[in-house]
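Numbering (the working numbering), first residue to last: 3 to 320.
Cβ coordinates follow ideal geometry from the N, Cα and C atoms, glycine included.
Inspection log for the structure reproduced underneath, given as structure tokens.
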Ligand SMILES: [Zn+2]
């Protein structure tokens, strides 16, 4: 299956309109295969790296029963310089763009850091293979393409583009990456001559989004305990949802952690959903929310952390 879905303001009544939208997206994708300003030529080693990472991701998702037609070909991955990254306000080493289905990598930041470059590429390619949904909004008489959903993270194009489930989505992405690395460690070492690097001798791969992962791990453990299942079973469902778009299993979080807890979780590291974002204090409080059993104390934490709009919605789910 092609991993794209389209979402509309109003369901288009005509097949013709659907056709037009699909063509418009094809054009947008095609444009992003061309070289951009500030882009480096790829070395043979980098081209091979892209192939290997694609193979690893495809292998991983086929193990959970997902057949994909995706392939992050080298012309959809742009290795750019610092100046270009700055002009695009890139705050991380890699970024996946849904509206043109391409990846940007800040090459200058990763110069000489082989394993880090591998991880950044792997992380972004997992986003690339995730379920995608685009919103088409009518602005005047034109159809404008907006991000709607990548994996679990969704954007609300009509309410200040605020997000849901960004932290959750990133934690799931990093955990999938960790699994891929663990399962294929020797292969990666051989393929990229990493025998003499630290990577070959370590068990921990210095993951990103550690705070989000800690919260996700706690949730998985607790769900497993309360539902008499293995953590692997819970985790596999979460993993699959990333690529199929299935989210029903997340309702279990609401059952186990109480009303409002899913909305609360969706606000983690999501722009526009919390008052403050990505601070240590916030992560501690989010963790506390999930370990706390008293609903009144939970509500107080929600009131403190969530943006006004999200708290109103949290409150109405109680
Ligand atoms: Zn990411």
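Can you name, in chain order, every residue of its own chain whose Cβ lies under 8 Å from the Cβ of residue i, other than the five neighbours on each side?
{"i": "residue 102", "result": "30, 31, 33, 34"}
{"i": "residue 284", "result": "276, 278, 307"}
So residue i and residue j are supposed to be a Cβ contact under 8 Å. How far apart are they, rounded?
{"i": "residue 59", "j": "residue 182", "result": "7 Å"}
{"i": "residue 137", "j": "residue 9", "result": "5 Å"}
{"i": "residue 257", "j": "residue 215", "result": "Wrong, their Cβ atoms sit about 23 Å apart, outside the cutoff."}
{"i": "residue 222", "j": "residue 236", "result": "5 Å"}
{"i": "residue 129", "j": "residue 150", "result": "The Cβ separation is near 14 Å, so there is no contact."}
Exposed or buried, residue i, counting other C-beta atoms within 10 Å across all chains shown (16 or more means buried)?
{"i": "residue 253", "result": "exposed"}
{"i": "residue 155", "result": "buried"}
{"i": "residue 67", "result": "exposed"}
{"i": "residue 38", "result": "exposed"}
{"i": "residue 115", "result": "exposed"}
{"i": "residue 211", "result": "buried"}
{"i": "residue 45", "result": "exposed"}
{"i": "residue 302", "result": "exposed"}
{"i": "residue 241", "result": "buried"}
Keeping to the same chain, check which residues put their C-beta closer than 6 Å to that of residue i; ignore five residues upstream and five downstream.
{"i": "residue 3", "result": "Reliability of the predicted coordinates at residue 3 is poor, the pLDDT of 40 falling under 50, and the value obtained from them is presented with this limitation in mind. The answer is none, since no qualifying residue turns up."}
{"i": "residue 239", "result": "251"}
{"i": "residue 123", "result": "55"}
By Cβ distance, which residues of its chain are closer than 7 Å to residue i, with the 5 residues on each side in sequence left out?
{"i": "residue 49", "result": "76"}
{"i": "residue 40", "result": "82, 83, 85, 86"}
{"i": "residue 319", "result": "261, 262, 265"}
{"i": "residue 193", "result": "54"}
In the DSSP assignment, what are the bridge partners of residue i?
{"i": "residue 147", "result": "138"}
{"i": "residue 308", "result": "276"}
{"i": "residue 8", "result": "136"}
{"i": "residue 152", "result": "134, 155"}
Suppose only complete runs of 4+ residues qualify. What are the alpha helix (DSSP H) ranges in the region 69-132, listed by chain order? 84-89, 109-112, 116-131
At 3 residues or longer, what runs of the beta strand (DSSP E) sit wholly inside the region 162-192? none
Enumerated in chain order, which unbroken segments of the alpha helix (DSSP H) with a length of 4 residues or greater are wholly contained in the region 231-289? 233-246, 253-259, 263-268
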